[in-house]
Structure formats: structure tokens, C-alpha cells
Amino acid sequence: NAGVTQTPKFRILKIGQSMTLQCTQDMNHNYMYWYRQDPGMGLKLIYYSVGAGITDKGEVPNGYNVSRSTTEDFPLRLELAAPSQTSVYFCASSRPRNEQYFGPGTRLTVT
Amino acid sequence: EDKVVQSPLSLVVHEGDTVTLNCSYEVTNFRSLLWYKQEKKAPTFLFMLTSSGIEKKSGRLSSILDKKELFSILNITATQTGDSAVYLCAVWGNDMRFGAGTRLTVKP
């Protein structure tokens with residue numbers, strides 16, 4: 104099992120550009136999540152999904168969009184990137200309200 | 566608003582010391598509290614607690630939850646340099662909230 108995989112590992116964006124962060128899990132977990140982690144801070148939930156076709160906003164959803172067309176994939180879309188979106192992004196998956204398995208993270212810089 | 570508060574924010578100890586990390590929470594529809602260890606990369610799971618007063622233990626680490634007083638503690642005994650990390654507390658309520666973490670440094 105690969106677990107949770109994320110691509111890319113690093114990315115530099117210019118202000119106003121858009122991009123999609125990819126996340127895939129092979130554990131057949133229903134729940135998937137996107138977090139951002141700013142330096143020296145804990146994780147903040149951006150969006151989560153409890154199953155294919157269902158997504159919900161977390162604590163900091165503004166500036167992001169998600170979709171969940173399959174159990175395995177949960178891409179995160181950034182539209183019109185801003186410097187405030189410079190962060191490390193983690194994708195995770197779990198069984199319902201259980202321990203989460205995290206991907207390796209994507210380090211994004213917006214300049 | 567739901568919140569999870571960890572203390573202290575940072576801690577420096579010497580090998581062999583015992584440490585206690587704190588996590589207090591105010592969330593709607595509490596379901597569970599989880600502890601994670603984060604070294605340089607992604608968090609890794611330590612414990613999940615759902616019931617008050619039942620200690621979870623793994624080697625030198627243990628944790629307990631008090632649902633009446635809305636807090637949990639994570640204890641690490643006989644600390645080693647490999648315990649140096651950020652320890653994150655997270656609470657499942659209506660969604661998942663993380664605390665800011667406690668950065669533990671264990672000196673030889």
C-alpha cells in the first residue's frame with residue numbers, strides 16, 4: 104500500500120495563478136481531508152469529504168475548492184493564488200472519525 | 566467557536582526527564598481526541614481517546630482524557646532525544662480542529 108500520496112512536493116506560484124494539488128489514497132477510506140500548516144502553527148482544516156460526491160467546508164475554506172468524484176482522489180484547487188496561501192498543505196484520509204493517515208505534504212510558495 | 570488549546574507551546578528538557586503536555590478544548594458535539602507526533606514531515610498518530618479516565622499507553626507514552634473538565638494530557642517518561650518533535654492535539658467535534666502544538670526538545 105502506498106497510503107496517501109500527494110503531488111507535487113513543491114511548487115512556486117505567481118500571484119493570480121491557479122493550480123490543483125493532487126491527493127490519492129489506496130486504503131479505501133471514506134473520509135478525506137485537506138489541511139494547511141503555517142510555520143510554527145498547528146493544522147487548519149480547509150475542506151473535508153465523508154465520501155464520494157460529498158464535501159464540506161472546514162475552518163479556512165476561502166480561496167480553495169475541492170471535488171470528490173471517486174473514493175481514492177480528493178484534489179484541492181487554488182484559484183487566483185495570493186501570498187497568504189503560502190503554506191504546507193497536507194492531505195489525509197481515515198475511516199469515519201478515526202485516526203488520520205497523512206500524505207507527505209506539498210510546500211507551496213506564492214510570490 | 567470551537568477551539569483547541571495546547572500548553573506549553575514549547576518545552577526543553579534533558580534526557581531521562583518526564584514531561585506532561587496539556588490539551589484543553591471547547592468543541593461542539595465532542596466525539597474523540599487524538600494525539601499526533603510531528604517531526605520534520607507529516608504528523609503520525611499516537612493515541613485516540615473517546616472515554617474519560619481510561620489511560621492509553623504505548624511504551625513510555627501515555628494519555629488520558631477528562632471529558633468533564635474538557636482536557637487531555639500526554640505523558641512521556643524517561644525522555645530520549647528521539648522524542649524531540651511537535652506534539653499535536655486534535656479534537657473531532659462537528660469537524661476536526663488541531664491545537665497549535667507543543668514543541669518538545671530533549672537535550673542529551
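Note that the protein sequences, when read in sequence, are chains A and B. So the first sequence is numbered by this note's numbering: it starts at 104 and just counts up by one. So the second sequence is numbered by this note's numbering: it starts at 566 and just counts up by one. Backbone N, C-alpha and C define an ideal beta-carbon position, used for all residues, glycine too.
Original post:
Rounded to the nearest angstrom, how far is the Cβ of arginine 114/A from that of threonine 189/A, given a contact under 8 Å?
Top reply: Translated into the one-based positions of the first sequence, residue 114/A becomes position 11. Translated into the one-based positions of the first sequence, residue 189/A becomes position 86. Contact between arginine 114/A and threonine 189/A does not hold, since their C-beta atoms are separated by about 11 Å, which reaches or exceeds 8 Å.
Original post:
Do glutamine 109/A and glutamine 125/A have their CB atoms nearer than 8 Å?
Top reply: Stepping through the first sequence from its first residue, residue 109/A is reached at position 6. Stepping through the first sequence from its first residue, residue 125/A is reached at position 22. Cβ atoms of glutamine 109/A and glutamine 125/A: closer than 8 Å.
Subject >> C-beta contact flag for valine 569/B and cysteine 654/B at 8 Å >> reply: Position 4 of the second sequence holds residue 569/B. Position 89 of the second sequence holds residue 654/B. For valine 569/B and cysteine 654/B, yes; Cβs fall inside 8 Å.
**OP:** Find the residues of chain A that neighbour lysine 622/B, judging by a C-beta separation of less than 7 Å, and give them in chain order.
**Re:** To locate residue 622/B, count along the second sequence from 1; it is residue 57. Per Cβ cutoff of 7 Å: no residues; lysine 622/B is ~16 Å from chain A at best.
Original post:
Is the region 579 to 586 of chain B close to the region 639 to 649 of chain B, with three or more CB pairs under 8 Å?
Top reply: yes
Original post:
Under 8 Å, do arginine 200/A and tryptophan 600/B count as touching if we go by C-beta distance?
Top reply: As a first step, residue 200/A must be located in the first sequence, where it is residue number 97. As a first step, residue 600/B must be located in the second sequence, where it is residue number 35. Contact flag unset, no.
Original post:
Excluding five sequence neighbours on each side, which residues of the same chain lie with their C-beta closer than 7 Å to the C-beta of threonine 642/B?
Top reply: Position 77 of the second sequence holds residue 642/B. Cβ neighbours of threonine 642/B beyond the five flanking positions: Thr583, Arg625.
Original post:
DSSP three-state call for aspartate 176/A: helix, strand or coil?
Top reply: Residue mapping note: residue 176/A aligns to position 73 of the first sequence, counting from 1. Here aspartate 176/A sits in strand by DSSP.
Subject >> Through-space distance from arginine 171/A to glutamate 580/B, alpha-carbon basis >> reply: Your numbering for residue 580/B matches position 15 in the second sequence. Your numbering for residue 171/A matches position 68 in the first sequence. When rounded, the distance between both Cα atoms is 46 Å.
Original post:
Near threonine 174/A, which residues of its chain fall below 6 Å by C-beta distance, leaving aside the five closest residues on each side in sequence?
Top reply: Counting from 1 along the first sequence, the entry for residue 174/A is found at position 71. Within the same chain, threonine 174/A has close Cβ partners Ala155.
**OP:** With 7 Å as the C-beta to C-beta threshold (strictly closer), list the residues of the region 586 to 617 of chain B near chain A in chain order.
**Re:** Arg596, Ser597, Leu599, Lys606, Ala607, Pro608, Phe610, Met613
Subject >> Per-residue DSSP class, three states only, for aspartate 567/B >> reply: Locating residue 567/B in the second sequence gives position 2, where the first residue counts as 1. Here aspartate 567/B sits in coil by DSSP.
Original post:
What is the rounded straight-line gap between the Cα of arginine 139/A and the Cα of phenylalanine 193/A?
Top reply: If you number the first sequence from 1, residue 139/A lands on position 36. If you number the first sequence from 1, residue 193/A lands on position 90. Going by the C-alpha atoms only, they are around 6 Å apart.
Original post:
Taking 8 Å as the CB-CB limit, is leucine 630/B close to chain A?
Top reply: Taking the second sequence and counting its residues from 1, the one referred to as residue 630/B is at position 65. So, not an interface residue.
Original post:
Thinking C-alpha only, which one of Met135/A, Asp176/A, Asn104/A is nearest lysine 160/A?
Top reply: For the purposes of this step, residue 160/A is taken as the residue at position 57 of the first sequence. It is Met135/A whose Cα lies nearest to the Cα of lysine 160/A.
Subject >> is_contact[glycine 658/B, chain A] using C-beta, thresh 8 Å >> reply: Taking the second sequence and counting its residues from 1, the one referred to as residue 658/B is at position 93. Judged by the 8 Å Cβ criterion, glycine 658/B is not in contact with chain A.
Original post:
If you run the structure through DSSP and keep just helix, strand and coil, what is threonine 615/B?
Top reply: Looking up residue 615/B in the second sequence gives position 50. The answer is coil: DSSP assigns threonine 615/B none of H, G, I, E or B.
Subject >> C-alpha gap between proline 164/A and leucine 598/B, whole angstroms >> reply: On the first sequence, position 61 is the one that residue 164/A refers to. On the second sequence, position 33 is the one that residue 598/B refers to. One C-alpha to the other measures close to 23 Å.
Subject >> Which residues DSSP lists as bridging methionine 135/A, in chain order >> reply: The residue given as residue 135/A occupies position 32 in the first sequence. For methionine 135/A, which the question treats as bridged, DSSP gives the partners Ser152/A, Ser196/A.
Original post:
Is the shortest distance between the beta-carbon of phenylalanine 177/A and the beta-carbons of chain B less than 8 Å?
Top reply: Counting from one through the first sequence, the residue named residue 177/A turns up at place 74. Phenylalanine 177/A does not count as touching chain B.
Subject >> Closest by C-alpha distance to alanine 105/A, when choosing among Val213/A, Phe205/A, Thr214/A >> reply: What you label residue 105/A is simply residue 2 of the first sequence in a count that begins at 1. Nearest option by C-alpha distance: Phe205/A.
Original post:
With DSSP run on the structure shown, which of helix, strand or coil describes threonine 691/B?
Top reply: Outside the displayed span of chain B (566 to 673) sits residue 691/B, for which this structure offers no information.
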